[in-house]
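S.K.: One structure coming up, written as structure tokens, with questions to follow.
In the working numbering, the protein residues as written are 29 to 278.
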């Protein structure tokens with residue numbers, strides 16, 4: 029019963045959103061090992077026609093609906109039932125959005141979103157809002173936490189716009205002078221100080237600034253936002269002209 033109810037809701041949704049997709053086409057990803065020629069040969073020529081290959085390496089093709097009596101939703105159901113089809117979806121219309129965080133000083137970050145502020149060149153930026161439409165960071169597509177080590181002079185680990193994104197070594201007991209996780213570093217709670225070979229992180233304006241560029245907490249109504257809103261920052265004090273310190277930092 030739940031299956032049929034879900035299908036009914038989906039069909040109803042398709043009816044409501046008819047203007048959001050091209051009605052005469054379905055996008056199909058074939059099962060691994062199925063050739064496009066084979067798939068084309070088994071299609072009902074009175075109903076469908078394989079138009080063209082969209083992504084060759086992923087075996088994705090577009091299928092045109094020939095029979096005007098068949099709705100896009102009906103074709104979608106039909107093609108999904110085909111044992112040679114791995115996935116099928118409508119040819120949705122894409123719209124360009126821009127995810128703008130609520131951090132009060134974001135408007136000054138021309139490198140992320142250049143609107144010509146301060147006499148700059150419009151769109152001379154990294155297209156951050158367009159990227160944030162896809163993801164604001166935090167984890168990889170496989171669900172692993174993203175950690176970025178910032179090797180500089182240190183960092184203000186208590187900074188209000190960084191503290192929530194600060195990396196913490198969960199396997200180390202804070203400041204007990206014991207290498208609890210046996211990784212060779214004693215009390216490496218939030219990073220490492222390669223100058224003094226301990227877990228203390230000296231406050232440093234430039235290192236704090238760089239950490240902010242990488243991962244100031246985004247959309248928290250505080251100061252600015254980093255390129256990655258939810259990344260974990262591991263500050264390493266090790267900006268140096270000495271090879272020995274640089275090696276320890278890395």
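The C-beta atom is built at its ideal place from N, Cα and C for all residues, glycine as well.
1) From the DSSP output, read off the bridge partner residues of residue 70.
2) DSSP state of residue 173, grouped into three classes?
3) Restricting to runs no shorter than 3 residues, where is the beta strand (DSSP E) found entirely within the stretch 42-118?
4) Figure out for me which residue from 93, 275, 197, 204 has the closest Cα to the Cα of residue 72.
5) With distances taken between CB atoms, is the gap from residue 77 to residue 113 smaller than 9 Å?
6) Only counting the same chain, and skipping five residues up and downstream in sequence, which positions put a Cβ closer than 7 Å to that of residue 175?
7) In chain order, what residues of the same chain have a beta carbon less than 8 Å from the beta carbon of residue 190, not counting five sequence neighbours either side?
8) For residue 263, which three-state DSSP category applies?
9) If contact is defined by three or more beta carbon pairs under 8 Å, each pair taking one atom from either stretch, is the stretch 216-231 in contact with the stretch 103-112?
10) Indicate the three-state DSSP secondary structure (helix, strand or coil) for residue 207 in the structure shown.
M.R.: Here's the rundown:
1) Indexing the chain shown from 1 puts residue 70 at position 42. DSSP lists no beta-bridge partner residue for residue 70.
2) One-based indexing of the chain shown puts residue 173 at position 145. If DSSP states are grouped into helix, strand and coil, residue 173 belongs with the strands.
3) Listed in chain order, the complete beta strand (DSSP E) runs (minimum 3 residues) inside the stretch 42-118 are 49-58, 76-83, 88-93.
4) Position 44 of the chain shown, counting from 1, holds the residue named residue 72. Cα-wise, what sits closest to residue 72 is 93.
5) The residue you call residue 77 lines up with position 49 of the chain shown. The residue you call residue 113 lines up with position 85 of the chain shown. Residue 77 places its beta carbon 9 Å or farther from that of residue 113.
6) Position 147 of the chain shown, counted from the first residue, corresponds to residue 175. Residues 195, 260, 262 of the same chain have their beta carbon placed closer than 7 Å to that of residue 175, with the five preceding and five following residues left out of the count.
7) The residue labelled residue 190 in the question sits at position 162 within the chain shown. Only 183, 184, 236, 239, 240, 243, 244, 245, 261 meet the Cβ criterion.
8) Working through the chain shown from its first residue, we reach residue 263 at position 235. Residue 263 falls in the strand class under three-state DSSP.
9) Two segments are said to touch when three or more pairs of C-beta atoms, one from each, lie closer than 8 Å; by this definition the stretch 103-112 does not touch the stretch 216-231.
10) Locating residue 207 in the chain shown gives position 179, counting from the first residue. Of the three classes helix, strand and coil, the one that applies to residue 207 here is coil, per DSSP.
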